[in-house]
Amino acid sequence: MPLQRQTFTGFQNLALCADVGGRNDAPPVILLHGGGQTRHSWGKAARQLALAGLHTLAVDLRGHGESAWAVDGNYSTDAFIGDLNAVIDTLEQPPVLIGASLGGATALLAMGESQTARARALVLVDVVPRMSPEGVRHIRDFMMGSPEGFANLEEAAAAVSRYIPNRPKPPTNEGLMKNLRLKEDGRYYWHWDPAFQARSARERLADLHQRMENAAAKVRAPTLLIRGRQSDVVSEEGARLLLDLMPHAEYVDIEGAGHMVAGDRNDVFNEAIVSFIQRLK
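Under the working numbering, the first residue of the sequence shown carries the number 67, and numbering increases by one thereafter.
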């Protein structure tokens, strides 16, 4: 099922790009990727959800992919929450929120800090309040590691292989163009605003952990936590701490997947989320 590109107006009138599929009157699902990723990081998940009879929206976060960059550099946690709430406000029904990493933190906070029911269910993909500092540092180092860009797709592919050494290499590097911008200097740059990482390093992690714990304790909607068993970001201990805060939550630990769960084991990931959503009342 083909997905259609659509633009939403987010917080502070910032333009958000999304791939949308399925019937408009079907139960909605919003997918939010992680920091430094794009809506394409979900692999086949968005199409699979649309084929399962759901109105699916895979959204590029502000400053990522084809969404606009914040001219004032506002990549605060509250700005991401504001963008999500703006998309939710366009829907006729409360959606299921599926968020990976930063997208998951945004979804959790939008639900737990709201006075009204913003969504009917939540799927957290390899994100918990107490994340492993080494794994977070690994992500940050990758995102800040190539400020000068790349001369060609092969250089970009080599950087990805160093970051995710266990993932099989694709037959071609053309898929990387969904995550790169070719600028006037003839070099390729990652498809995110450098101001995003500068802000996240000093603001987001400083207050995010406690906010997420407080929000998790307030969420009563059906919740699924999906962890990549080889993740260096979410440990088993971190997962159990979240489950203590959300005793109603279901938990799936996917063998053979790291932090990029949807990309590492897309088949198992898709089965887990489709099964969870189909069991919702």
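Where a beta carbon is used, it is the ideal one built from N, C-alpha and C, also for glycine.
Please read these numbers as outputs of a predicted model, since none were measured by experiment.
**Asked** Quick one: Cα of Ile292 to Cα of Pro195, how far?
**Response** 14 Å
**Request:** For Ser107, I'd like the list of residues in its chain whose CB is within less than 6 Å of its CB, leaving aside the five on either flank, ordered along the chain.
**Result:** His99
**Message:** Let me check understanding here. Comparing Cα to Cα, which of Leu82, Ala84 and Thr104 lies closest to Trp258?
**Reply:** If we check each option's Cα against that of Trp258, Thr104 comes out closest.
**Prompt:** In chain order, what residues of the same chain lie with their CB nearer than 6 Å to the CB of Thr122, ignoring the 5 residues before and after it?
**Reply:** Gly87, Gly88, Val95, Ala112, Leu115 and Ala116
**Prompt:** So, are the CB atoms of Gly201 and Asp298 less than 7 Å apart?
**Reply:** yes
**Asked** Around the Cβ of Asp85, are there at least 16 other Cβ atoms within 10 angstroms (buried) or fewer (exposed)?
**Response** buried
**Residue from Trp135, Pro160, Ser180 and His130 whose Cα sits closest to the Cα of Ile147** = Ser180
**Prompt:** Is the Cβ of Gly139 closer than 7 Å to any Cβ of chain C?
**Reply:** The chain labelled as chain C is not found in the depicted structure, where only one protein chain is given.
**Request:** Please classify Ala323: is it buried, with 16 or more other beta-carbons within 10 angstroms of its beta-carbon, or exposed?
**Result:** buried
**Prompt:** For Thr73, which residues does DSSP report across the bridge?
**Reply:** Cys83
**Request:** Report, in whole angstroms, the separation of the C-beta atoms of Asp149 and Phe77, which I expect to be a contact under 8 Å.
**Result:** That belief holds up - the Cβ atoms of Asp149 and Phe77 are roughly 5 Å apart, short of 8 Å.
**Candidates Asn232, Ser227, Ala217 and Leu274, of which the one nearest Tyr255 by Cα** = Ala217
**Request:** Enumerate in chain order the residues of its own chain whose CB-to-CB distance from Gly211 is below 8 Å, with the five nearest sequence positions on each side excluded.
**Result:** Ala225
**Prompt:** Straight-line CA distance for Thr73 to Ala136?
**Reply:** Looking at the two C-alpha atoms, the distance is approximately 16 Å.
**Message:** As a quick exercise: from Ile205, Gly215 and Ala81, pick the residue whose alpha carbon is nearest that of Arg128.
**Reply:** Ala81
**Asked** So Gly9 packs on Leu168, CB below 8 Å; how close in whole Å?
**Response** No information on residue 9 is available, as it lies outside the stretch 67 to 347 that the chain covers here.
**Residue range of the beta strand (DSSP E) that includes Val189** = Looking at the DSSP string, the run of the beta strand (DSSP E) that includes Val189 is Ala187 to Val191.
**Asked** With Gly178 and Lys284 assumed to form a contact (beta carbons below 8 Å), what rounded beta-carbon distance in angstroms separates them?
**Response** 5 Å
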